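Asker: So the mapping is simple: my numbering equals the position in the sequence shown, first residue as 1, plus 6.
We put the beta carbon where it would ideally sit given N, CA and C, even for glycine.
These numbers come from a predicted model, not from an experiment.
Could you have a look at this structure, given as C-alpha coordinates, before my questions?
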Amino acid sequence: MNESATPNALMPSFGTDVPRALEQLRVAVVVLGGLLLVVNVALTAFVAKQNHHYHSQMLERQRLAGQLQQSQRAAGGALQELGQLSQSRPELRAIFERHDVQLNPAPSR
(Lines of atoms letter the chains of each structure in order from A and count residues from 1; the text may use other names and numbers.)
(Lines give C-alpha, C1' and ligand atoms only; values in the text may rest on other atoms or scores of the structure.)
Protein backbone atom coordinates (compact mmCIF):
# COMPACT_ATOMS: atom_id res chain seq x y z
CA MET A 1 0.00 0.00 0.00
CA ASN A 2 1.02 3.47 -0.78
CA GLU A 3 0.72 5.65 2.32
CA SER A 4 0.68 8.86 0.34
CA ALA A 5 -2.54 7.79 -1.43
CA THR A 6 -4.39 7.06 1.82
CA PRO A 7 -4.55 10.69 3.15
CA ASN A 8 -5.68 11.92 -0.25
CA ALA A 9 -8.43 9.33 -0.30
CA LEU A 10 -9.71 10.49 3.09
CA MET A 11 -9.73 14.21 2.18
CA PRO A 12 -12.57 15.30 -0.05
CA SER A 13 -11.81 16.92 -3.34
CA PHE A 14 -13.16 20.47 -3.29
CA GLY A 15 -12.11 21.59 -6.71
CA THR A 16 -14.37 24.38 -8.02
CA ASP A 17 -16.91 24.04 -5.22
CA VAL A 18 -14.91 26.27 -2.84
CA PRO A 19 -15.09 29.51 -4.89
CA ARG A 20 -18.75 28.84 -5.61
CA ALA A 21 -19.50 28.26 -1.90
CA LEU A 22 -17.60 31.42 -0.97
CA GLU A 23 -19.61 33.41 -3.52
CA GLN A 24 -22.87 32.02 -2.11
CA LEU A 25 -21.69 32.91 1.39
CA ARG A 26 -20.86 36.45 0.27
CA VAL A 27 -24.29 36.83 -1.30
CA ALA A 28 -25.98 35.51 1.85
CA VAL A 29 -24.02 37.97 4.02
CA VAL A 30 -24.90 40.89 1.74
CA VAL A 31 -28.59 39.92 1.68
CA LEU A 32 -28.72 39.51 5.46
CA GLY A 33 -26.91 42.85 5.91
CA GLY A 34 -29.44 44.51 3.60
CA LEU A 35 -32.34 42.99 5.51
CA LEU A 36 -30.80 44.14 8.78
CA LEU A 37 -30.50 47.66 7.37
CA VAL A 38 -34.15 47.65 6.25
CA VAL A 39 -35.35 46.42 9.65
CA ASN A 40 -33.17 49.03 11.39
CA VAL A 41 -34.59 51.86 9.26
CA ALA A 42 -38.16 50.64 9.81
CA LEU A 43 -37.73 50.45 13.58
CA THR A 44 -36.05 53.85 13.69
CA ALA A 45 -38.93 55.38 11.73
CA PHE A 46 -41.46 53.72 14.04
CA VAL A 47 -39.71 54.98 17.17
CA ALA A 48 -39.47 58.50 15.73
CA LYS A 49 -43.19 58.44 14.88
CA GLN A 50 -44.09 57.24 18.39
CA ASN A 51 -41.82 59.88 19.93
CA HIS A 52 -43.53 62.61 17.91
CA HIS A 53 -46.95 61.25 18.90
CA TYR A 54 -46.10 61.18 22.62
CA HIS A 55 -44.59 64.66 22.44
CA SER A 56 -47.79 65.98 20.83
CA GLN A 57 -49.89 64.35 23.55
CA MET A 58 -47.67 65.84 26.25
CA LEU A 59 -48.02 69.34 24.81
CA GLU A 60 -51.81 68.95 24.57
CA ARG A 61 -52.03 67.72 28.17
CA GLN A 62 -49.90 70.64 29.36
CA ARG A 63 -52.25 73.03 27.57
CA LEU A 64 -55.28 71.36 29.16
CA ALA A 65 -53.62 71.44 32.60
CA GLY A 66 -53.06 75.19 32.20
CA GLN A 67 -56.72 75.69 31.29
CA LEU A 68 -57.77 73.60 34.28
CA GLN A 69 -55.60 75.67 36.63
CA GLN A 70 -57.13 78.88 35.29
CA SER A 71 -60.66 77.58 35.75
CA GLN A 72 -59.80 76.35 39.26
CA ARG A 73 -58.55 79.80 40.23
CA ALA A 74 -61.76 81.36 38.93
CA ALA A 75 -63.90 78.74 40.68
CA GLY A 76 -61.87 79.12 43.88
CA GLY A 77 -62.53 82.84 43.98
CA ALA A 78 -66.23 82.27 43.37
CA LEU A 79 -66.35 79.65 46.12
CA GLN A 80 -64.67 82.00 48.57
CA GLU A 81 -67.17 84.70 47.78
CA LEU A 82 -70.08 82.28 48.13
CA GLY A 83 -68.63 81.03 51.40
CA GLN A 84 -68.33 84.52 52.78
CA LEU A 85 -71.90 85.30 51.80
CA SER A 86 -73.22 82.09 53.34
CA GLN A 87 -71.33 82.10 56.65
CA SER A 88 -74.52 82.91 58.47
CA ARG A 89 -76.25 79.81 57.09
CA PRO A 90 -75.14 76.67 58.94
CA GLU A 91 -76.40 74.20 56.30
CA LEU A 92 -74.16 75.82 53.67
CA ARG A 93 -71.19 75.92 56.05
CA ALA A 94 -71.69 72.18 56.62
CA ILE A 95 -71.40 71.58 52.86
CA PHE A 96 -68.16 73.55 52.69
CA GLU A 97 -66.75 71.67 55.69
CA ARG A 98 -67.74 68.30 54.21
CA HIS A 99 -65.68 69.10 51.10
CA ASP A 100 -62.72 70.51 53.07
CA VAL A 101 -63.12 74.03 51.71
CA GLN A 102 -61.37 76.52 53.96
CA LEU A 103 -63.23 79.83 54.03
CA ASN A 104 -61.25 82.99 54.48
CA PRO A 105 -62.86 85.53 56.79
CA ALA A 106 -64.80 88.22 55.00
CA PRO A 107 -62.81 91.41 54.49
CA SER A 108 -64.19 94.31 56.45
CA ARG A 109 -65.73 96.96 54.22
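Does DSSP classify R6 as helix, strand or coil?
Answerer: Because the chain is modelled from 7 through 115, residue 6 falls outside the range shown and cannot be assessed.
Asker: Any idea what DSSP makes of L42, helix, strand or coil?
Answerer: Looking up residue 42 in the sequence shown gives position 36. It is helical.
Asker: Just mark G40 as buried or exposed, buried being the case when its beta carbon has 16 or more other beta carbons within 10 Å.
Answerer: The residue labelled residue 40 in the question sits at position 34 within the sequence shown. The residue in question, G40, is exposed, as its Cβ has fewer than 16 Cβ neighbours within 10 Å.
Asker: Use the C-beta contact count for G83: other C-beta atoms within 10 angstroms, 16 or more gives buried, fewer gives exposed.
Answerer: Position 77 of the sequence shown, counted from the first residue, corresponds to residue 83. When all chains shown are included, G83 counts as exposed.
Asker: Give a yes or no on contact between the stretch 56-75 and the stretch 86-101, applying the rule of three or more CB pairs nearer than 8 Å.
Answerer: They do not touch, by the three-pair rule.
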